[in-house]
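Mapping to the UniProt record's numbering: the first sequence position 3 is 3, numbers consecutive. The beta carbon of each residue, even a glycine, is placed where N, CA and C say it ideally should be. It should be emphasised that the depicted structure is a prediction, and the values quoted were computed from it without experimental measurement. Single-structure report; data block below.
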Amino acid sequence: MARPNEEVEALLQEYADLLAISGGDAFKQRAYERAARAIGGYPQDVSKLDAKALKGIPGVGKSIADKIAEYLSTGHVAAIDETRSTVPPGVRELMTIPTLGPKRAMTLYRELDVASVDDLVTAVHEDRLGRLKGFGPKAADNILHGVELMRAAGGRILLGEALRIAEETVSGLVAATGVERCEYAGSVRRMKETIGDIDVLVAARDEDAEAIMRAFTELPGTAEIIVHGRKKTSVRTAKGLQIDLRVLPPVSWGAGLQYFTGSQPHNIRTRSIAVRKGLKLSEYGIFDTETGEQLHAGTEEEVYGRLDLPWIPPTLREDRGEVDAALRGELPDLVTQDDIRGDLHTHTDLTDGLATLEQMAEAAAARGYAYYAVTDHAPELRMQRMTSEKMLAQRDRVRALADRYGRRLRLLHGTELNIDPEGEVDWPADFLAGFDVCVASVHSHFGLDRAAQTRRLIRAAENPHVNIIGHPTTRKLGKRAGIDVDLDAFFAACARTGTAVEVNGHPERLDLRDEHILLARRHGVRFAIDSDAHAVSELDNLRFGVATAQRGWLTADEVINTWPLTRLRKFLRGPGRR
DNA sequence: GCCGTTTTCGGCCCGACTGTTTTCAGTCG
Numbered sequence: 001m002a003r004p005n006e007e008v009e010a011l012l013q014e015y016a017d018l019l020a021i022s023g024g025d026a027f028k029q030r031a032y033e034r035a036a037r038a039i040g041g042y043p044q045d046v047s048k049l050d051a052k053a054l055k056g057i058p059g060v061g062k063s064i065a066d067k068i069a070e071y072l073s074t075g076h077v078a079a080i081d082e083t084r085s086t087v088p089p090g091v092r093e094l095m096t097i098p099t100l101g102p103k104r105a106m107t108l109y110r111e112l113d114v115a116s117v118d119d120l121v122t123a124v125h126e127d128r129l130g131r132l133k134g135f136g137p138k139a140a141d142n143i144l145h146g147v148e149l150m151r152a153a154g155g156r157i158l159l160g161e162a163l164r165i166a167e168e169t170v171s172g173l174v175a176a177t178g179v180e181r182c183e184y185a186g187s188v189r190r191m192k193e194t195i196g197d198i199d200v201l202v203a204a205r206d207e208d209a210e211a212i213m214r215a216f217t218e219l220p221g222t223a224e225i226i227v228h229g230r231k232k233t234s235v236r237t238a239k240g241l242q243i244d245l246r247v248l249p250p251v252s253w254g255a256g257l258q259y260f261t262g263s264q265p266h267n268i269r270t271r272s273i274a275v276r277k278g279l280k281l282s283e284y285g286i287f288d289t290e291t292g293e294q295l296h297a298g299t300e301e302e303v304y305g306r307l308d309l310p311w312i313p314p315t316l317r318e319d320r321g322e323v324d325a326a327l328r329g330e331l332p333d334l335v336t337q338d339d340i341r342g343d344l345h346t347h348t349d350l351t352d353g354l355a356t357l358e359q360m361a362e363a364a365a366a367r368g369y370a371y372y373a374v375t376d377h378a379p380e381l382r383m384q385r386m387t388s389e390k391m392l393a394q395r396d397r398v399r400a401l402a403d404r405y406g407r408r409l410r411l412l413h414g415t416e417l418n419i420d421p422e423g424e425v426d427w428p429a430d431f432l433a434g435f436d437v438c439v440a441s442v443h444s445h446f447g448l449d450r451a452a453q454t455r456r457l458i459r460a461a462e463n464p465h466v467n468i469i470g471h472p473t474t475r476k477l478g479k480r481a482g483i484d485v486d487l488d489a490f491f492a493a494c495a496r497t498g499t500a501v502e503v504n505g506h507p508e509r510l511d512l513r514d515e516h517i518l519l520a521r522r523h524g525v526r527f528a529i530d531s532d533a534h535a536v537s538e539l540d541n542l543r544f545g546v547a548t549a550q551r552g553w554l555t556a557d558e559v560i561n562t563w564p565l566t567r568l569r570k571f572l573r574g575p576g577r578r
């Protein structure tokens, strides 16, 4: 069900992991990792490329191109299948636990016969780790904590992947005979950061239901049918994700979409409003309680209208005050993708990006942006090997390229600085003054205590050259909790100093998250919604940032990259700056 | 396994931190 590029990326990454576990050549492993990343971020569909074009992808040589071609034509790669047979899939799974890498995963398997996360938890509880070389007194705690973090995600998948599957399911169904309307609902429509299962709704006449259900179960990617009926069918994909399809009569569409979009607390609020008006709201429609008569409400707008409410955007439907705000006529005018005039945090292949400056700029222009900032990493992130010279050379290239685009697209030269434990950033003030925009982010020292984290973030915000604090909590969904920070103090500092906080749209980050945005806007903070793109295709991650911003009730005026360039420039410069 | 204005072999992403050790392997960004 995944797009070919993602399938191939996953395959190559798996092979790289297997090579690491089985202790092969580390450089070979890295070559596969690099190729995996390059394929994942490659703008063209790899299944449409011939061998020569495949070899043209950076990091893909003859051997890997051949394996990709083999996979695309047969669905298998002999060499990878062979390696798989020597390492149980559960051993690779162990590597997803923080603090466990390939070496210790292999040790666990070899010495203790641990071949799954469950096996490992059992082994820890049975105190069998103590005797193992490389595993000391802290190891057990760290492993259990890591497993807990993973399980906190509860087998949920990230919004980005869920949305893709939901959209594919819908597009696979709209063509089926008798489908009058089809949309995904549930937490995907509300754009929650992680998704447990996917709800899809179809409006169709009863006599078409059976054929639609069959078409659903026959969609590619279905591994198992859980329940199969005329009104509801549930399947599980190969990756274990459940997808529910419900078929409703067209007259129930508005009520059904409203009901299945949720959230449950939001529905309780709307239904109780209905009750007070002598109405009954269910997934089948809105009814007069006394007569049982069904009132016409074919769309969500009409359903909310019957309750004397304006339509409430799905991203707000979490019972966080949206119903009361709607009753008062005070729903926020939410920021949308169309409001965004530019991206202020992106990378190129000068550091860890995959595409060139020219490719990224061209993609930004194609998206219709009015401005676009290139913000490659700064020297303190050692692995990127940035230098002042490289940065200045890039600036010359940006300026030259800017001349080519003229007024159509304003290119900004920026950087993503590193906030050190003291809150200092790379480069002295006079060098920083040369940038159009500076994002500053935490990339290390995640373990400092709350006071120290708060101090460093505030100090970074107070730096007159820092315009935006990037991914402020630095969490990674399902992998790492955010750093421990007094957010109120930090947001107050951002408001005071005119430093924007980022809503990072990378599906693994979504940082700030919705609840933190709600907190921040109470301080009068300004926001930047950025993609943090490391590839052309990742520019689209901005949509997840917009969704998260909506969930945080943000309006366009609070988001600096919806502003015209002149207003943005003024914000970046002062008052009190430079 | 990839790559090349150091060019067809010999490099390749470097440094910090953690928890383990007793001088350093493994993990991470």
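Checklist entry - Which whole runs of the alpha helix (DSSP H) in the region 511-571 are 4 residues long or more, in chain order? => result 514-521 and 542-551
Checklist entry - Taking C-alpha atoms, which residue in 439, 146 and 267 lies nearest to residue 476? => result 146
Checklist entry - Quick check: the region 184-195 against the region 222-230, are there 3 or more CB pairs under 8 Å? => result no
Item to check | Same chain only: Cβ atoms within 8 Å of residue 159, ignoring 5 sequence neighbours per side | outcome: 188, 191, 192, 193, 194, 195, 507, 510, 544 and 547
Checklist entry - Beta carbon of residue 374, beta carbon of residue 383: below 8 Å? => result no
Checklist entry - Given a threshold of 16 other Cβ atoms within 10 Å of its Cβ, counted over all protein chains shown, does residue 1 qualify as buried or as exposed? => result Interpretation of residue 1 is limited by its pLDDT of 44, a score under 50 that renders its predicted location unreliable; the figure taken from the coordinates is listed afterwards. It counts as buried.
Item to check | beta strand (DSSP E) segment containing residue 243, residue limits | outcome: 242-248
Item to check | Rounded Cβ spacing between residue 536 and residue 355 (contact assumed at less than 8 Å) | outcome: 5 Å
Next on the checklist: Given this structure, state the Cα-to-Cα distance separating residue 199 from residue 270, to the nearest angstrom.
Outcome noted: 20 Å
Checklist entry - If we ignore side chains and look at the alpha-carbon of each, how far apart do residue 408 and residue 248 end up? => result 47 Å
Checklist entry - Could you give the C-beta distance for residue 326 and residue 312, rounded to a whole number, given that I count them as a contact under 8 Å? => result 5 Å
Checklist entry - the ligand NAP heavy atoms versus the CB of residue 245: any closer than 7 Å? => result Absent from the structure shown: the ligand NAP. Ligands present: none.
Checklist entry - Using CA coordinates, which residue listed in 399, 322 and 533 is at the minimum distance from residue 377? => result 533
Checklist entry - Where do the N-terminal and C-terminal ends of the alpha helix (DSSP H) with residue 235 fall, by residue? => result No alpha helix (DSSP H) contains residue 235, which is instead part of the beta strand (DSSP E) from 232-237.
Checklist entry - Is it buried or exposed for residue 148, if we count other Cβ within 10 angstroms and need 16 for buried? => result exposed
Checklist entry - If you check the beta carbons only, do residue 452 and residue 472 fall under 8 Å apart? => result no
Next on the checklist: My assumption, with CB atoms under 8 Å, is that residue 440 sits in contact with residue 398. Please give the rounded CB distance.
Outcome noted: Incorrect: roughly 19 Å between the Cβ atoms, too far for contact.
Checklist entry - What residues in its chain sit with their C-beta under 7 Å from that of residue 351, if we drop five residues either side in the sequence? => result 376, 377, 384 and 386
Checklist entry - If you drop the 5 nearest sequence neighbours on each side, which residues of the same chain put their C-beta closer than 8 Å to that of residue 33? => result 12, 13 and 16
Checklist entry - What are the boundary residues of the alpha helix (DSSP H) that residue 21 is part of? => result 4-21
Checklist entry - Between residue 128 and the rest of its own chain, which residues show a CB-CB distance below 7 Å, the 5 nearest in sequence each way excluded? => result 112
Next on the checklist: Restricting to runs no shorter than 3 residues, where is the beta strand (DSSP E) found entirely within the region 166-195?
Outcome noted: 181-184
Checklist entry - Starting from residue 225 and walking both ways along the beta strand (DSSP E), at which residues does that stretch end? => result 222-228
Checklist entry - Excluding five sequence neighbours on each side, which residues of the same chain lie with their C-beta closer than 7 Å to the C-beta of residue 208? => result 177 and 178
Next on the checklist: Three or more C-beta pairs under 8 Å: does that hold for the region 515-525 against the region 486-504?
Outcome noted: yes
Next on the checklist: Taking the straight line between their C-alpha atoms, what separation do you get for residue 71 and residue 77?
Outcome noted: 5 Å
Checklist entry - Is the Cβ-Cβ distance between residue 470 and residue 502 less than 8 Å? => result yes
Next on the checklist: As a quick exercise: from 504, 456, 505 and 482, pick the residue whose alpha carbon is nearest that of residue 489.
Outcome noted: 456
Checklist entry - Whose C-beta lies closer than 6 Å to the C-beta of residue 578 among residues of the same chain, with five residues either side of it excluded? => result Bear in mind that a pLDDT of 41 at residue 578, under 50, signals an unreliable position, so the number given afterwards is only what the model happens to contain. Cβ within range, chain order: n/a, list empty.
Item to check | Cβ-based neighbour list, residue 552, same chain, cut-off 6 Å, excluding 5 preceding and 5 following | outcome: 514, 517 and 518
Item to check | Backbone CA spacing between residue 121 and residue 444 [nearest angstrom] | outcome: 28 Å
Item to check | C-beta contact flag for residue 331 and residue 310 at 8 Å | outcome: yes
Checklist entry - Residues in its own chain within less than 6 Å of residue 571 by CB, not counting five upstream and five downstream? => result 560
Item to check | Spatial neighbours of residue 630 in its chain, beta-carbon cut-off 7 Å, leaving aside the 5 residues before and after | outcome: The structure shown does not extend to residue 630, since the chain is modelled only from 1 through 578, so no value can be given for it.
Next on the checklist: Only counting the same chain, and skipping five residues up and downstream in sequence, which positions put a Cβ closer than 8 Å to that of residue 573?
Outcome noted: none
Checklist entry - Near residue 576, which residues of its chain fall below 8 Å by C-beta distance, leaving aside the five closest residues on each side in sequence? => result Low confidence applies here, because residue 576 scores a pLDDT of 47, under 50, leaving its location unreliable and the question unanswered by this model.
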